[in-house]
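Novice: Let me begin by handing over the structure; questions about it come next.
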Amino acid sequence: MWQLGAWQPLEQLGYNAKFQMQELGFMPSPGWNDKIVVIGIDNASFDKYERFPLSRDRYAQLLQVLEPSKPAVIGFDILFVDKGQGDEEFASAISQTGNVVLSMAWDERGQPLKPLPEFRKNAAGIGQIWHSPDPDGISRRAALYAKNKPALGVAMLQVYNQQTPASLSKINLPQPIAGKKRQTVWLNWPGKAQSLTTYSFADVAEGKVPSRAFTGKLVLVGVTATAIDSIRSPFNQNSPTSGVYLHAALIDNLLNSNLLKPLDEKLILLLLLAVGLGTCYVWEHRGVVGRLTLIVGLPLAWLLIACCALSCFQIWMPAAAPVGTMLLAGFGVQLRDHWEKLQERREKQLLMSLFEQYVAPEMASLIWQRKTEIFHNGHLLAQEQVATVLFMDIRGFTSISEKMPPGELFTWLNEYLNAMTECIMDRGGVVDKYIGDAIMAVFGVPFAHTEEEDIRQDALNAIDACMAMHKKLKQLNRRLRFEGKPQIKIGIGIHTGPVMAGSMGGSRRLNYSVVGDTVNVASRLESMNKTVTSENPYNLLISGKTYAYIRKHYRAQSVGATQLRGREKATMIYSILGKERSK
Numbered sequence: 085m086w087q088l089g090a091w092q093p094l095e096q097l098g099y100n101a102k103f104q105m106q107e108l109g110f111m112p113s114p115g116w117n118d119k120i121v122v123i124g125i126d127n128a129s130f131d132k133y134e135r136f137p138l139s140r141d142r143y144a145q146l147l148q149v150l151e152p153s154k155p156a157v158i159g160f161d162i163l164f165v166d167k168g169q170g171d172e173e174f175a176s177a178i179s180q181t182g183n184v185v186l187s188m189a190w191d192e193r194g195q196p197l198k199p200l201p202e203f204r205k206n207a208a209g210i211g212q213i214w215h216s217p218d219p220d221g222i223s224r225r226a227a228l229y230a231k232n233k234p235a236l237g238v239a240m241l242q243v244y245n246q247q248t249p250a251s252l253s254k255i256n257l258p259q260p261i262a263g264k265k266r267q268t269v270w271l272n273w274p275g276k277a278q279s280l281t282t283y284s285f286a287d288v289a290e291g292k293v294p295s296r297a298f299t300g301k302l303v304l305v306g307v308t309a310t311a312i313d314s315i316r317s318p319f320n321q322n323s324p325t326s327g328v329y330l331h332a333a334l335i336d337n338l339l340n341s342n343l344l345k346p347l348d349e350k351l352i353l354l355l356l357l358a359v360g361l362g363t364c365y366v367w368e369h370r371g372v373v374g375r376l377t378l379i380v381g382l383p384l385a386w387l388l389i390a391c392c393a394l395s396c397f398q399i400w401m402p403a404a405a406p407v408g409t410m411l412l413a414g415f416g417v418q419l420r421d422h423w424e425k426l427q428e429r430r431e432k433q434l435l436m437s438l439f440e441q442y443v444a445p446e447m448a449s450l451i452w453q454r455k456t457e458i459f460h461n462g463h464l465l466a467q468e469q470v471a472t473v474l475f476m477d478i479r480g481f482t483s484i485s486e487k488m489p490p491g492e493l494f495t496w497l498n499e500y501l502n503a504m505t506e507c508i509m510d511r512g513g514v515v516d517k518y519i520g521d522a523i524m525a526v527f528g529v530p531f532a533h534t535e536e537e538d539i540r541q542d543a544l545n546a547i548d549a550c551m552a553m554h555k556k557l558k559q560l561n562r563r564l565r566f567e568g569k570p571q572i573k574i575g576i577g578i579h580t581g582p583v584m585a586g587s588m589g590g591s592r593r594l595n596y597s598v599v600g601d602t603v604n605v606a607s608r609l610e611s612m613n614k615t616v617t618s619e620n621p622y623n624l625l626i627s628g629k630t631y632a633y634i635r636k637h638y639r640a641q642s643v644g645a646t647q648l649r650g651r652e653k654a655t656m657i658y659s660i661l662g663k664e665r666s667k
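If you read the sequence shown in the numbering used here, its first letter stands for residue 85, the second for the next number, and so on.
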């Protein structure tokens, strides 16, 4: 019945809720079949006979009283294992009645507890009374067959079918399944035990009940006294009833063909898979409001379907497992979204930690939007590309630093670096690093530019940044002169060529940087500003490759071909004279 593991307690609650809804009138309740009657050995019978078990002659007396009323079948939910007073009378009454079904069971060692031989030989049938409540104490199942022995209710209906004329339809009874130790079914409890017609054993034995009350009936005889053979049903959870009503419920379900029919386990697993995947798909395509609607709507819709299947077709559809699957699937998608956002936040923090201090805010946003092009597994992808590298430093910085107090020098230098950095970032440059008073900047990273026009624009941006720095430096120097502080003179070198760009460093500290011969050339050009004698108004030297990209926009003068340290070939060098005049 319960093959859904951890969902078992919740499924049991769902089973209980079905009958509670019937009791409250929210679902139709079939009620007990009027062909079933219980004769109970109740408290009044105990008081009258002053002993239990009753002597066998009392049961003989009961059968003698019932025989004239022609009940269809009489079943005893009582074991007659040991010899006792009145056995002969009872055996004779069983033989005379001809439609008595007796009970059997098994002891703790699995040994059968059968009726006495003199009772068995004349009984119309023998049925087992195995019963095992669920862990919460509610009796939801009955064993149609246990060790190939029919249940008491099944045995009674077998006798009932034998007595039914061939012209009338017989009760369709389940057959035993070979090799199955115990064949259980879910009980569709018809109602409270109190609502089933029940008479006191003492009253019936003394003829106080009209004989017509038993004519054609399936009569169950069992103990109904308080605290003896008690069970709990979904209708009697807080006030236990008697075990005889479990057999009555099975008979009722078989008579009405309304046993609860559980879905096949394989179908349930497929159903849960479909529910889980379906919920994930729907959840994935909904916003916050849509998800809040789904978290309420989907479970309610499923419960409504389950109630309809139960009421109309007696099909028991699991409730807790699918609803739980829906909620877990939704929670899983939500958790995954949260995890992805968390990972995205971490990636953004890492990416921004590499760039945010060295690029303009607009560039930082663009980098994040296009992160998949350059970012993978916590590292920037190392990629070869063409970029324009700028090197600059302060002329005579060593001499200045000797003359200024450290604190004042620190402030002075930061003012300069801040002003120059703004000019670089405003034109799309990336500040690669600060090396004391020196700045290394790159134009054309981190996104690789392959089109010539893009590479040309990178070179132009670098020269434009230099022009802006020259202008800003004039303003800064005027203020420094007014404050009596040393003025700043810079030298700049620019070269365009291939570089390798990516994150560099250890796992505990990463920096974005570029390396390659292009960087070395730009650094050498910056140093040459100290020795160039030709006109160089901006103290800005560029390579022949950079000049090729900017010559239509800036006037330049050739300084000549120079053998730079570390390079085999001579490098053409140009000094920038100013912006090309518009024609």
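Virtual Cβ for every residue (Gly too), placed ideally from N, Cα, C.
Just the Cα atoms here: how many angstroms apart are I125 and A250?
Specialist: The count along the sequence shown starts at 1 and reaches residue 125 at position 41. The count along the sequence shown starts at 1 and reaches residue 250 at position 166. Between I125 and A250, the C-alpha separation is close to 36 Å.
Novice: Got a sec? Which residues, its chain only, sit under 8 Å from M188 by beta carbon, not counting five neighbours each side?
Specialist: Mapped onto the sequence shown, residue 188 falls at position 104. Around M188: L163, P196, L197, K198, P199, I210, G211, Q212, I213 and K233.
Novice: If we require 4 or more residues per run, which alpha helix (DSSP H) segments fall completely within the segment 112-177?
Specialist: Segments of the alpha helix (DSSP H) lying fully in the segment 112-177: 127-133 and 140-150.
Novice: Spatial neighbours of L339 within its chain, please: C-beta separation below 7 Å, excluding the five flanking residues on both sides.
Specialist: Residue 339 sits at position 255 when you count from the first residue of the sequence shown. The residues are N117, K119 and I255.
Novice: What is the rounded straight-line gap between the Cα of R651 and the Cα of K629?
Specialist: In the sequence shown, the residue the question calls residue 651 occupies position 567. In the sequence shown, the residue the question calls residue 629 occupies position 545. If you take the alpha carbons of R651 and K629, they lie about 15 Å apart.
Novice: Near T248, which residues of its chain fall below 7 Å by C-beta distance, leaving aside the five closest residues on each side in sequence?
Specialist: Working through the sequence shown from its first residue, we reach residue 248 at position 164. Within the same chain, T248 has close Cβ partners K254.
Novice: Under the DSSP definition of a beta bridge, which residues are partnered with W270?
Specialist: Taking the first residue of the sequence shown as position 1, residue 270 is located at position 186. Looking at the DSSP assignment, W270 forms a beta bridge with R225 and L344.
Novice: I'd like the span of the beta strand (DSSP E) that includes Q321, first residue to last.
Specialist: For this step, residue 321 is matched to residue 237 along the sequence shown. That residue, Q321, is in no beta strand (DSSP E); it is neither H nor E in DSSP.
Novice: Find out if the Cβ-Cβ distance for the pair Y229, P201 is shorter than 9 Å.
Specialist: The residue labelled residue 229 in the question sits at position 145 within the sequence shown. The residue labelled residue 201 in the question sits at position 117 within the sequence shown. Not a contact, by the Cβ cut-off of 9 Å.
Novice: With a threshold of 6 Å on Cβ separation, who are the neighbours of R316 within its own chain once the five nearest residues in sequence on each side are excluded?
Specialist: Here the question's residue 316 lines up with position 232 in the sequence shown. Answer for R316: G221, I222 and P324, listed in chain order.
Novice: Find the nearest neighbour of S483 within the set V407, F566, I572 and C396, judged by alpha-carbon distance.
Specialist: To locate residue 483, count along the sequence shown from 1; it is residue 399. Closest option to S483, Cα to Cα, is I572.
Novice: For the ligand ZN, any of its heavy atoms closer than 8 Å to the Cβ of C507?
Specialist: No copy of the ligand ZN occurs in the structure displayed, which carries no ligand at all.
Novice: Please return the same chain residues whose Cβ sits closer than 8 Å to the Cβ of A724, not counting the five positions on each side in sequence.
Specialist: With the chain represented from 85 up to 667, any question about residue 724 goes unanswered, as that position is not in the structure.
Novice: Under 8 Å, with one C-beta from each stretch per pair, do the segment 607-625 and the segment 564-571 reach the 3-pair mark?
Specialist: In short, these stretches do not touch, since the Cβ pair count stays below three.
Novice: Report yes or no: do three or more beta-carbon pairs, one from the segment 627-644 and one from the segment 491-510, lie closer than 8 Å?
Specialist: Cβ pair count under 8 Å is below three, so no.
Novice: M524 and L474: beta carbons closer than 9 Å?
Specialist: Along the sequence shown, one-based indexing puts residue 524 at 440. Along the sequence shown, one-based indexing puts residue 474 at 390. Their beta carbons are under 9 Å apart, which means M524 touches L474 by this criterion.
Novice: Are G600 and A466 closer than 9 Å when you measure CB to CB?
Specialist: On the sequence shown, residue 600 is found 516 positions in, with the first residue counted as 1. On the sequence shown, residue 466 is found 382 positions in, with the first residue counted as 1. No, the Cβ-Cβ distance between G600 and A466 is not below 9 Å.
Novice: So, at 8 Å on beta carbons, what are the nonlocal neighbours of R511 in its own chain, with the 5 sequence-adjacent residues on each side left out?
Specialist: On the sequence shown, position 427 is the one that residue 511 refers to. These residues qualify, in order along the chain: F527, N545, A546, D548, A549 and A552.
Novice: Fully enclosed by the segment 522-569, which alpha helix (DSSP H) runs are 4 residues long or longer?
Specialist: Listed in chain order, they are 536-567.
Novice: In the structure shown, what three-state DSSP assignment does D516 receive?
Specialist: Within the sequence shown, residue 516 is the residue found at index 432, counting from 1. Three-state result, D516: strand.
Novice: With DSSP as the reference, label R316 as helix, strand or coil.
Specialist: Residue numbering aside, residue 316 sits at position 232 when the sequence shown is read from its first letter. Residue state, collapsed to three classes: strand.
Novice: Does C392 pass the burial test, meaning 16 or more other C-beta atoms within 10 Å, or should it be called exposed?
Specialist: The residue labelled residue 392 in the question sits at position 308 within the sequence shown. Exposed, by the Cβ-count rule.
Novice: Would you decide whether P489 is buried or exposed? Buried here means 16 or more other CB atoms lie within 10 Å of its CB.
Specialist: By one-based count along the sequence shown, residue 489 stands at place 405. Classification for P489: exposed.
Novice: Indicate the three-state DSSP secondary structure (helix, strand or coil) for D287 in the structure shown.
Specialist: Residue 287 sits at position 203 when you count from the first residue of the sequence shown. The answer is helix: DSSP assigns D287 an H, G or I state.
Novice: Quick check on DSSP: helix, strand or coil for K102?
Specialist: Translated into positions along the sequence shown, residue 102 becomes position 18. Helix, per DSSP.
Novice: CA-CA distance, G520 and I576?
Specialist: Within the sequence shown, residue 520 is the residue found at index 436, counting from 1. Within the sequence shown, residue 576 is the residue found at index 492, counting from 1. Computed Cα separation, rounded: 15 Å.
Novice: Within 10 Å of its beta-carbon, does A654 have 16 or more other beta-carbons around it, so buried, or fewer, so exposed?
Specialist: In the sequence shown, the residue the question calls residue 654 occupies position 570. A654 should be labelled exposed.
Novice: What do you get for A403, buried or exposed, if any count of 16 or more other CB atoms within 10 angstroms of its CB means buried?
Specialist: The sequence position of residue 403 within the sequence shown is 319, counting from 1. Classification of A403: buried, given that the 10 Å Cβ count is 16 or more.
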